[in-house]
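K.L.:
Here it is in C-alpha cells:
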C-alpha cells in the first residue's frame, strides 16, 4: 500500500510540474531538481536540473549551473553547462564559462565568457568503425 502511494507521488512530481524561486527571495546552497525551474530571485550556490531553466529579468545565479535547456533574461555568474539550447534574451548578462551544444543570443545581451560549443551526442567516425570491423574479423 505505501509503495504504491510513493510511486504515484514520484510520477506526479516528474510529470509537467515545475519549481520557482520568486523575486526578492535569496537562497544560499545547492539545488538539484528533475523538473523545469524558474528563477526570479537570487541563488548563491550550484544549481542542477535535468529540465529547462528559465532565469527571469530579476533572476541572479552565482555558481555552477547545469541544465538541459536554458532561457536567460537575468544574470548568471560562474560556469554554465547546457546540454541542449542556451537562449540569451536582450536583457541577459552572462559572465564566466559556457559549455553548450546550441546558442541563441539576442542583440543587447552581455556575453562576457569563455564559450565552448560541442555536440553533446558522441559520434563515431566511419574510419573508427572500419578499424573495429577489421579487428573483429
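In my numbering, the protein residues as written are -4 to 132. For every residue, glycine included, the Cβ atom is placed at its ideal position computed from N, Cα and C. Note that the structure is predicted; figures quoted are calculated from it, not measured.
#1: Is it right to say residue 122 is buried, meaning 16 or more other beta carbons lie within 10 angstroms of its own, or is it exposed?
#2: Could you check what DSSP says for residue 29 in three-state terms: helix, strand or coil?
#3: Quick check for students: name the residue ranges of the beta strand (DSSP E) that lie wholly in the segment 20 to 101, counting only runs of 3 or more.
#4: Can you find the residues in the same chain that come closer than 6 Å, C-beta to C-beta, to residue 103, ignoring five residues on each side of it along the sequence?
#5: Can you look up residue 108 in the DSSP assignment and give me helix, strand or coil?
P.N.:
Let me spell this out:
#1: Reliability fails at residue 122, whose pLDDT of 48 lies under 50, so the model's placement of it is uncertain and no value is given.
#2: coil
#3: 21 to 23, 26 to 28, 31 to 34, 37 to 39, 42 to 44, 47 to 50, 55 to 62, 64 to 67, 70 to 83, 88 to 100
#4: 85
#5: strand
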